[in-house]
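Chains as they are written, first to last, in the numbering used here: chain X, 205 to 567; chain W, 45 to 543.
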Amino acid sequence: MNADGYHADRVFASPHAHGGGEIRRTMLQVQLALVPATLFGFWLYGWPAFFLWLLTLFFAQIFEVISLRLTGNTGQTGSPGDGSALLTGWLLAMTLPPWSAWWIGALGAFIAIVIGKQVFGGLGQNVFNPAMAARVALLVSFPLQLTAWVVPLPLSGLDAPGFLDGLRITLGQIPVPDAMTSASLLGYAKTELSRGLGLAQAFAAGHAPQLSWPGVRAGSMGESSVLLILAGGVFLLATDVIRWQAPLGVLAGALIPASIAHVIAPETHLDAASHLLSGALMLGAFFIATDYVTSPATGAGRLIFGLGAGLLTWIIRTLGGYPEGVAFAILFMNALTPLIDRYVRPRILGRTRSGQPIRGAGK
Amino acid sequence: MGLMEKIFTRSWGVHPRDYKHPAADAPVRVMPMPERLYLSLAQHLGAPARPAVLVGQKVKKGEKIADPQGPVSAAIHAPTSGVIAAIGEIPAPHPSGLPVQAIILEADGRDEWSEALTACDNPLGLAPDEISYRVAAAGVVGMGGATFPSALKLSSSRKAGVTTLVMNGGECEPYLSCDDRLMRDKAETIIDGIRLMLHATGAKEAIVGIEDNKPEAIAAMRKAVAAHAGVRVRPIPARYPMGSEKQLVQTLTGREIPAGALPAEVGVVVHNVGTARAVSEAIRLGRPLISRLLTVNGGCVGAPGNIVAPVGALVEEVLAFAGGIEARPARLVMGGPMMGVSLPHARTPVIKGTSGILALNAAQAADSREEACIRCASCARACPIQLMPLDMARHIRGDDLKGALRLGLKDCIACGCCAYVCPAHIPLVQYFTYAKGTLAAEDRARQKAEATRRLAAARSERLAREAREKAEIAARRKAEREAAKAAAASARSAGEMSA
Chain X
205 MNADGYHADR VFASPHAHGG GEIRRTMLQV QLALVPATLF GFWLYGWPAF FLWLLTLFFA
265 QIFEVISLRL TGNTGQTGSP GDGSALLTGW LLAMTLPPWS AWWIGALGAF IAIVIGKQVF
325 GGLGQNVFNP AMAARVALLV SFPLQLTAWV VPLPLSGLDA PGFLDGLRIT LGQIPVPDAM
385 TSASLLGYAK TELSRGLGLA QAFAAGHAPQ LSWPGVRAGS MGESSVLLIL AGGVFLLATD
445 VIRWQAPLGV LAGALIPASI AHVIAPETHL DAASHLLSGA LMLGAFFIAT DYVTSPATGA
505 GRLIFGLGAG LLTWIIRTLG GYPEGVAFAI LFMNALTPLI DRYVRPRILG RTRSGQPIRG
565 AGK
Chain W
45 MGLMEKIFTR SWGVHPRDYK HPAADAPVRV MPMPERLYLS LAQHLGAPAR PAVLVGQKVK
105 KGEKIADPQG PVSAAIHAPT SGVIAAIGEI PAPHPSGLPV QAIILEADGR DEWSEALTAC
165 DNPLGLAPDE ISYRVAAAGV VGMGGATFPS ALKLSSSRKA GVTTLVMNGG ECEPYLSCDD
225 RLMRDKAETI IDGIRLMLHA TGAKEAIVGI EDNKPEAIAA MRKAVAAHAG VRVRPIPARY
285 PMGSEKQLVQ TLTGREIPAG ALPAEVGVVV HNVGTARAVS EAIRLGRPLI SRLLTVNGGC
345 VGAPGNIVAP VGALVEEVLA FAGGIEARPA RLVMGGPMMG VSLPHARTPV IKGTSGILAL
405 NAAQAADSRE EACIRCASCA RACPIQLMPL DMARHIRGDD LKGALRLGLK DCIACGCCAY
465 VCPAHIPLVQ YFTYAKGTLA AEDRARQKAE ATRRLAAARS ERLAREAREK AEIAARRKAE
525 REAAKAAAAS ARSAGEMSA
């Protein structure tokens, strides 16, 4: 064949090669990283947890498709196949009480996808992390349902609800019996402290929720096993999907003040391990604070973002009215992200920090 | 790289799959002289050359056929003997395919060298300015693709007092291997050219930077350089865009070139190894730059490899010689895949800066639909200048070009790393090129308006001055007349008195 007759349909801008990165693949990798903690959640809290997860993802995708259709999908606001809505739904499901009724998941998906993301202009345009926005909106609107933590009933156990009972729980036909709910460690500590009891006394009473590294505890569907979440986070770090600054910032920002406060006043302040092993700190550090869209674009910016989110989490948990503060803290830092990105910029090669050309040296 | 280094040094650039083999390992083939050559008058940076021949004139190989026009320009020579068939427009080797002035040479098949060429046995005995002069006379331009007239770079380096000559043997663009091949095959000639350039620029040392993915080239150059003090070969990590001036100088000398300045600001001048070879041949043999080694590569090329092609040969002829194309290319590219230009068709000529002709298949071209930016900041990590491409693009999309300018748009070297890594396939380079072009056009319009305003002001000032002068002259005349009248009157009265 000869090139004589060759005529391009159009000409192309350089570069004429691509590294192969795809939005869809990135989203898939994050979902993959969530699998271990999610499976553990299914095992720990049984069929209802699985149904809630499935429904939340389903509704997230449905709302995404509807929104994109309504806005006349041009690809600029996201595409139904990019997996971003599924990821948002998944992250939301991870933070919900595992035996929540179906409408919690559906409403959460609506808030996350429609109000949290598409109203802002779709993929890449939202200021706040959609899953966290939904979680906070639900928590504020339905505080009772959103703090109904069930005690772990591993699937292998005899008293775990079966497939059909699980379905009925998710569909709201069987109310969650009071006997099966328990406070989270953070909630328990907050209640006892507000009653004027010291922590030593509160924990000595024997009603304290257990604290364990494997994550067998009452809590949200996907937040309990810090080790499995960490494993997912390490996977994301190793595959270069996320960078280390935000997770390190969150953990340091929360755990350093927690340790110091615990040393100074152990009666009124939980230790670092309790902060780490209870609530959403680990999930927030590796999966929420690392959200590209709503966190700063520079390494230094991400570190500031993480430290801020971590510190605020500890402050809210310690001083605030809510026992848990990760979602609030991250939303607050989301709002600061444009500001951080405006002031924290890398030094351009050949220029000083203020933007003036550097002076030639070594002549 | 150690772990600590990996964590704390800022990474820049990308590591694209290089596709350099097997093309790099195939022996060089010399393309037969085509029947007609299309010699663009604008194949260097700066003003186009001015034809120095007439249609119908017979020329010998190496004879000058176009003169440089202005200080930044280059002469053009006949790549073979023949007759000037026409001087007119041909489609430019540019995505636009817009016409460009060219001299069309009909080869006579004898390929006779001109007798006027002057060889030189002892070039190091020549005055440095004489070397620059001869390099200019040979029409040598930067062979890496920038095509800046080399003589000008040599003489201005001397004036600026540069101390270090950095030789670019990086060849960081994927697919291309012509510099690699040249260093393997012509190491002695390159080193000779480097020594001549040292002499011409007055630089004390030369450092040849070669990416470590070219072990054969490194070995050949090391061998050739062994006898010469002042010239060193330094392997550098293979990473795109290592061959970019700022990156290469910083990697080899540790010096950071100020924004908007030339490397001379830090005492360095950068030349391509291919240019060194052209300089050596221009001075030793008196041969002007009339052909070059270029890489023909890509998934659609029948027999990829490096080919010596005369300047002015059509891309389609070069492709046909390289075994033809096996399928309709998804993209036809002149230059490397990262910074080369996409060609609308193959009926456009090879120019002095053509380092490669690539016929890419669909998988290599990786054409994809633009999606939404997810702010992953991969582009910011890849940018070798440490710009924030995502923010610049956002401003440009919002038609805030000034905003992009404040973020460092002018420092962008259009290397393409950002677009290469973008998972949303956003054509970032296109955004930046558009913005730079629009801003330049605005600048020109403003300058024009300013010039017009100045001219208008000068005219009204001149008219006012003329009127004022006229009035002054008239007033002076009037005064003179009155003075004369008064004098006459006083004379009369004096006469009366004396009478």
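Note that CB positions come from ideal geometry on N, CA and C, so glycine has one too.
- Of all residues in the region 496-508 of chain X, those with a C-beta nearer than 7 angstroms to a C-beta of chain W are TYR496, VAL497, ALA501, THR502, reading in chain order.
- The beta carbon of W:CYS344 lies closer than 6 angstroms to those of ILE369, GLU370, ALA371, PRO373, ALA403, ASN405 in the same chain, with the five residues before and after it left out.
- Contact holds between the region 253-264 of chain X and the region 304-320 of chain X, because three or more Cβ pairs, one in each stretch, are under 8 angstroms apart.
- Distance from the CA atom of W:ALA247 to the CA atom of X:GLN560, rounded to whole angstroms, is 29 angstroms.
- Judged by beta-carbon spacing, X:THR281 lies within the 8 angstroms limit of W:ALA416, meaning their Cβ atoms are closer than that value.
- Put simply, the backbone Cα of X:GLY320 is about 8 angstroms away from that of X:VAL331.
- Nearest CB-CB separation between W:LYS290 and chain X: below the 8 angstroms threshold.
- The beta-carbon separation of W:ARG299 and W:VAL312, rounded to 7 angstroms, stays under the 8 angstroms limit for a contact.
- Nearest neighbour of X:PRO365 by Cα position, chosen from X:ARG273, X:LEU348, X:THR351, X:MET384, turns out to be X:MET384.
- Secondary structure at W:ARG488: helix, using DSSP grouped into helix, strand and coil.
- Among the CB atoms of chain W, one or more fall inside 8 angstroms of the CB of X:HIS211.
- Counting C-beta atoms within 10 angstroms of its own C-beta, X:HIS211 has fewer than 16 neighbours from the protein chains shown and is therefore classed as exposed.
- Counting along the chain, the unbroken alpha helix (DSSP H) around W:PRO433 starts and ends at 433-441.
- Proximity of W:SER55 to chain X, defined by a Cβ-Cβ separation below 8 angstroms, is not satisfied.
- Excluding the 5 residues flanking it on each side, X:VAL530 has same chain C-beta neighbours closer than 7 angstroms at GLY483, ALA484, LEU485, GLY488, THR517, in chain order.
- Judged by DSSP in its simplified three-state form, W:ALA151 adopts strand.
- 8 angstroms or more divides the Cβ of W:ALA390 from the Cβ of W:MET75.
- Comparing alpha-carbon positions, the option among X:PRO302, X:PRO240, X:VAL269 lying closest to X:ALA253 turns out to be X:PRO302.
- Three or more pairs of CB atoms, one per stretch, sit closer than 8 angstroms, so the region 239-257 of chain W contacts the region 203-222 of chain W.
- Legend: CB atoms of the region 434-450 of chain X lying less than 7 angstroms from CB atoms of chain W are not found in any residue.
- Identification of residues in the region 363-374 of chain W having a C-beta nearer than 8 angstroms to some C-beta of chain X yields LEU363, ALA364, GLY368, ILE369, GLU370, ALA371, ARG372, PRO373, given in sequence order.
- For X:GLN235, the closest alpha carbon among the candidates X:HIS473, X:VAL318, X:PRO347, X:ASP286 is that of X:ASP286.
- At a cut-off of 8 angstroms between C-beta atoms, X:GLU528 does not count as an interface residue with respect to chain W.
- At least one beta carbon of chain W lies nearer than 8 angstroms to the beta carbon of X:ALA217.
- The region 450-466 of chain W and the region 417-428 of chain W touch, with no fewer than 3 CB-CB distances between them shorter than 8 angstroms.
- Classified as exposed, X:SER398 has fewer than 16 neighbouring CB atoms from the shown chains inside 10 Å of its CB.
- At a cut-off of 8 angstroms, the C-beta of W:GLN145 has no neighbouring C-beta in chain X.
- The alpha carbon of W:GLU309 has as its nearest neighbour, out of W:ALA282, W:LEU329, W:GLY205, the alpha carbon of W:GLY205.
- Here X:ARG506 is not near W:MET432, since their CB atoms are 8 angstroms or more apart.
- Within the region 465-482 of chain W, those residues whose Cβ lies closer than 8 angstroms to any Cβ of chain X are, in chain order, VAL465, CYS466, PRO467, ALA468, HIS469, PRO471, VAL473, GLN474, THR477.
- Positions of the alpha helix (DSSP H) runs, each at least 4 residues long and wholly inside the region 458-542 of chain W, are given as 461-465, 472-542 in order along the chain.
- Separation of X:ALA465 and X:THR502 (C-alpha to C-alpha, rounded to the nearest whole angstrom) is 31 angstroms.
- From the listed residues W:ALA271, W:MET382, W:ALA163, the smallest Cα separation to W:GLU325 is found for W:ALA163.
- Our two residues, W:LEU149 and W:GLY126, have alpha carbons roughly 6 angstroms apart in a direct line.
- Judged by beta-carbon spacing, X:LEU295 lies within the 8 angstroms limit of X:ALA335, meaning their Cβ atoms are closer than that value.
- Neighbours of X:ILE562 in chain W, taken as residues whose beta carbon is under 7 angstroms from its own, are GLU300, PRO302 in chain order.
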